[in-house]
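Trainee: Okay, here's the structure, questions in a sec.
Protein chains: 2
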Amino acid sequence: MKIAIFGGTGDLGRGLAINFAAAGHEIVVGSRSQERADQAAATLAEALPSGTFTPLENVAAAEAGDLAVVSIPWEGIEGTIPPMAEALAGKVVISVVNALKFGKSGAIAEQGEALGAASCAHRIQDLAPEAKVVVAYNNLPAAGLQAQHHLDADVLVCGKSKEAREKVIELTSSSIPGTRALDAGPLANALILEGMTAIIINLNKRYGGEASLSISGLENAPARPA
Amino acid sequence: MKIAIFGGTGDLGRGLAINFAAAGHEIVVGSRSQERADQAAATLAEALPSGTFTPLENVAAAEAGDLAVVSIPWEGIEGTIPPMAEALAGKVVISVVNALKFGKSGAIAEQGEALGAASCAHRIQDLAPEAKVVVAYNNLPAAGLQAQHHLDADVLVCGKSKEAREKVIELTSSSIPGTRALDAGPLANALILEGMTAIIINLNKRYGGEASLSISGLENAPARPA
């Protein structure tokens, strides 16, 4: 599969790109300019010489990808998504975007008017109305992911389209070692998954290490890979 | 400790009352009328004959409790909290209230204008400004809790006051078998913990069983009891 990644230089985007490439997917690295895309692809190729990382300007990358991962800072949504909307139509678009602010008391998930939508994923869906937007991966431990560790984590997947959620679930379990993806239902709860990132950042700060989230007690869910 | 519980007949409130009483705390069962409080206390005493459950009308219960647990439906906040505000001043008030709606696609966490505040816990804090409001327990498996099972779950605790969070953390690990409570930071993220309940309901519906949430990878957090 060709996977377009926008924001592949951030910790999480980089980690996802490396894992997807290691699983044999071709990564299309999108950026605002060809030069930045070239740099991002070169950095990824250095981290995983066996991977295929093709640099393209955003719209061309969106056209090339069978599936897209949006991992840009949330302030970049308004500028980045509209030009790609047509190219993303009908495709699964995974948003790992979070809107967080940082105060004395810790990381805080933005909500309400500050967001301009019910969540970052909703805003992407508003701007690319024909895309099949899914939220996933926000809560994965980024350092462990970049190091291709066996993560022992669950990936909660929310999205409007059940078919799109299932595609992401399959991609996850076939690509990211030690993860189990679970269908967590409608996109309406996207803010909750995005906001868990703030909670996890605060736990990491309080207790050290890199937290990951898991769910137990589900009778008919697949087992997490040992 | 005397723990006042409001909404002790709901699944979660009932489960908390039973576990706190089993750990030796005296439970004050608050309700809108003495008669309803009597009924609720009798039902709890039937479930745990060794427990002490004292029925009182809401304001008297708030006065009697050293700490309070609010486990009422969110539609009841506006009517229930204001008369108790003075009695709750200075006390730790644990909100386990969630605002959920249920559609074809599953449970959805209310957010934004529908809530009238950033979260249910924020609304309680608005109406009882001198209380030390903490969010916790929303995501515990209620059936397992009522059955006093060893839960193997983490309790994430958010609140403005660090001292209040620590009090709830201590209460949890000394009272609820198989749980570990973690300091998850400021009250600002209360909606995220409340909304995780919608995600968990959707997982339960999709996969069967009763999900509970846990966190791994924290270096300096206490171990979850085996």
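Protein chains in written order, with our numbering: chain A, 4 to 229; chain B, 4 to 229. Note that beta-carbon positions come from the ideal geometry of N, C-alpha and C, so glycine has one too.
Just tell me which of B:ALA7, B:MET4, B:ILE203 has its CA closest to the CA of GLY109 (chain B).
Mentor: Within the second sequence, numbered from 1, the residue matching residue 109 (chain B) stands at position 106. It is B:ILE203.
Trainee: Could you name each continuous beta strand (DSSP E) segment of 3 residues or more that falls completely within the segment 53-128 of chain B, going from the start of the chain to the end?
Mentor: With a minimum length of 3 residues, the continuous beta strand (DSSP E) runs that stay inside the segment 53-128 of chain B are 56-60, 70-73, 95-98, 103-106, 109-112.
Trainee: DSSP three-state label for GLY33 (chain B), please.
Mentor: Stepping through the second sequence from its first residue, residue 33 (chain B) is reached at position 30. In the three-state reduction of the DSSP assignment, GLY33 (chain B) falls in the strand class.
Trainee: Checking 8 Å against the spacing of the C-beta atoms, do LEU221 (chain B) and ALA214 (chain B) come in under that value?
Mentor: To locate residue 221 (chain B), count along the second sequence from 1; it is residue 218. To locate residue 214 (chain B), count along the second sequence from 1; it is residue 211. Not in contact: LEU221 (chain B) and ALA214 (chain B) (Cβ atoms no closer than 8 Å).
Trainee: Assign GLU49 (chain A) to one of three DSSP states: helix, strand, or coil.
Mentor: Counting from 1 along the first sequence, the entry for residue 49 (chain A) is found at position 46. In the structure shown, GLU49 (chain A) sits in a helix (DSSP, three-state: H, G or I).
Trainee: Along the segment 88-119 of chain B, what residues have a CB closer than 8 Å to any CB found in chain A?
Mentor: GLY106, SER108, GLY109, ALA110, ILE111, ALA112, GLN114, GLY115
Trainee: Can you round the beta-carbon distance between SER98 (chain A) and GLU60 (chain A) to whole angstroms, since I take them to be within the 8 Å contact cut?
Mentor: Stepping through the first sequence from its first residue, residue 98 (chain A) is reached at position 95. Stepping through the first sequence from its first residue, residue 60 (chain A) is reached at position 57. Contact doesn't hold; Cβ gap of about 21 Å is too wide.
Trainee: CA-CA distance, GLY106 (chain A) and LYS208 (chain A)?
Mentor: Taking the first residue of the first sequence as position 1, residue 106 (chain A) is located at position 103. Taking the first residue of the first sequence as position 1, residue 208 (chain A) is located at position 205. About 13 Å.
Trainee: Can you tell me which residues form a DSSP beta bridge with THR182 (chain A)?
Mentor: Looking up residue 182 (chain A) in the first sequence gives position 179. The beta-bridge partner set that DSSP reports for THR182 (chain A) consists of A:ALA156.
Trainee: Can you give me the start and stop residues for the beta strand (DSSP E) that GLU213 (chain A) sits inside?
Mentor: As a position in the first sequence, residue 213 (chain A) is number 210, starting the count at 1. 212-221 is the extent of the beta strand (DSSP E) around GLU213 (chain A).
Trainee: Looking at the unbroken beta strand (DSSP E) that takes in ALA20 (chain B), where does it start and where does it end?
Mentor: The count along the second sequence starts at 1 and reaches residue 20 (chain B) at position 17. Where ALA20 (chain B) is concerned, there is no enclosing beta strand (DSSP E), although the alpha helix (DSSP H) it sits in stretches over 14-25.
Trainee: Given that GLY212 (chain A) touches chain B, what residues does it touch there, using C-beta distances under 7 Å?
Mentor: As a working mapping, residue 212 (chain A) is identified with position 209 in the first sequence. Simply GLY220, LEU221, GLU222.
Trainee: By the 10 Å Cβ neighbour count, where 16 or more other Cβ atoms means buried, how is LYS170 (chain B) classified, buried or exposed?
Mentor: Within the second sequence, the letter at position 167 stands for residue 170 (chain B). Buried.
Trainee: Might you give, ordered along the chain, the residues of its own chain that have their beta carbon closer than 7 Å to the beta carbon of ALA26 (chain B), omitting 5 neighbours on each side?
Mentor: By one-based count along the second sequence, residue 26 (chain B) stands at place 23. Excluding sequence neighbours, ALA26 (chain B) sits near SER177, SER178.
Trainee: If you follow the beta strand (DSSP E) that ALA146 (chain B) is part of, which residue opens it and which one closes it?
Mentor: Counting from 1 along the second sequence, the entry for residue 146 (chain B) is found at position 143. Counting along the chain, ALA146 (chain B) falls outside any beta strand (DSSP E), though it belongs to the alpha helix (DSSP H) covering 145-149.
Trainee: When we look at the beta-carbon of SER217 (chain B) and count the other beta-carbons within 10 Å, is it buried (16 or more) or exposed?
Mentor: Numbered from 1 along the second sequence, position 214 holds the residue referred to as residue 217 (chain B). With a 10 Å radius around the Cβ and a threshold of 16 neighbouring Cβ atoms, SER217 (chain B) comes out buried.
Trainee: Which residues in chain B have a C-beta closer than 9 Å to the C-beta of ALA121 (chain A)? List them in chain order.
Mentor: The sequence position of residue 121 (chain A) within the first sequence is 118, counting from 1. Chain order gives the chain B residues near ALA121 (chain A) as GLN114, GLY115, where near means a beta carbon separation below 9 Å.
Trainee: CA-CA distance, LEU194 (chain A) and ALA7 (chain A)?
Mentor: What you label residue 194 (chain A) is simply residue 191 of the first sequence in a count that begins at 1. What you label residue 7 (chain A) is simply residue 4 of the first sequence in a count that begins at 1. Roughly 23 Å between the two C-alpha positions.
Trainee: Between ASN205 (chain A) and chain B, is there a C-beta pair that is closer than 8 Å?
Mentor: Within the first sequence, residue 205 (chain A) is the residue found at index 202, counting from 1. Chain B, which has a Cβ nearer than 8 Å to the Cβ of ASN205 (chain A), makes this yes.
Trainee: Just curious, the beta strand (DSSP E) that LEU139 (chain A) is in, first and last residue?
Mentor: Position 136 of the first sequence, counted from the start, is the residue given in the question as residue 139 (chain A). Note that residue 139 (chain A) is Ala in the sequence shown here, rather than Leu. Element bounds for ALA139 (chain A): n/a, residue is neither H nor E.
Trainee: Measuring straight from C-alpha to C-alpha, what distance separates GLY79 (chain A) and LYS94 (chain B)?
Mentor: Within the first sequence, residue 79 (chain A) is the residue found at index 76, counting from 1. Within the second sequence, residue 94 (chain B) is the residue found at index 91, counting from 1. GLY79 (chain A) and LYS94 (chain B): Cα-Cα distance of roughly 43 Å.
Trainee: So does the segment 151-171 of chain B actually touch the segment 83-92 of chain B, counting three or more Cβ pairs closer than 8 Å?
Mentor: no
Trainee: Quick one, which of A:LEU70, A:ASN223, A:HIS125 has its alpha-carbon nearest GLY212 (chain B)'s?
Mentor: Mapped onto the second sequence, residue 212 (chain B) falls at position 209. In terms of CA proximity to GLY212 (chain B), A:ASN223 leads the group A:LEU70, A:ASN223, A:HIS125.
Trainee: Interface residues of chain A around PRO144 (chain B) at Cβ under 8 Å?
Mentor: As a first step, residue 144 (chain B) must be located in the second sequence, where it is residue number 141. Going along chain A in sequence order, the residues near PRO144 (chain B) (Cβ under 8 Å) are GLY220.
Trainee: If we count the other Cβ atoms within 10 Å of its Cβ and call it buried at 16 or more, is ALA124 (chain B) buried or exposed?
Mentor: Sequence index remark: in the second sequence, residue 124 (chain B) carries index 121 (1-based). Answer is buried; the Cβ neighbour count reaches 16.
Trainee: Per DSSP, what kind of secondary structure is ALA7 (chain B) in: helix, strand or coil?
Mentor: Against the second sequence, residue 7 (chain B) aligns to sequence position 4. It is a strand residue.
Trainee: Show which residues of chain A have a CB atom less than 8 Å away from the CB atom of ILE202 (chain B).
Mentor: Counting from one through the second sequence, the residue named residue 202 (chain B) turns up at place 199. Result: LEU159, CYS161, ALA187, GLY188, ASN192, ILE195, LEU196.
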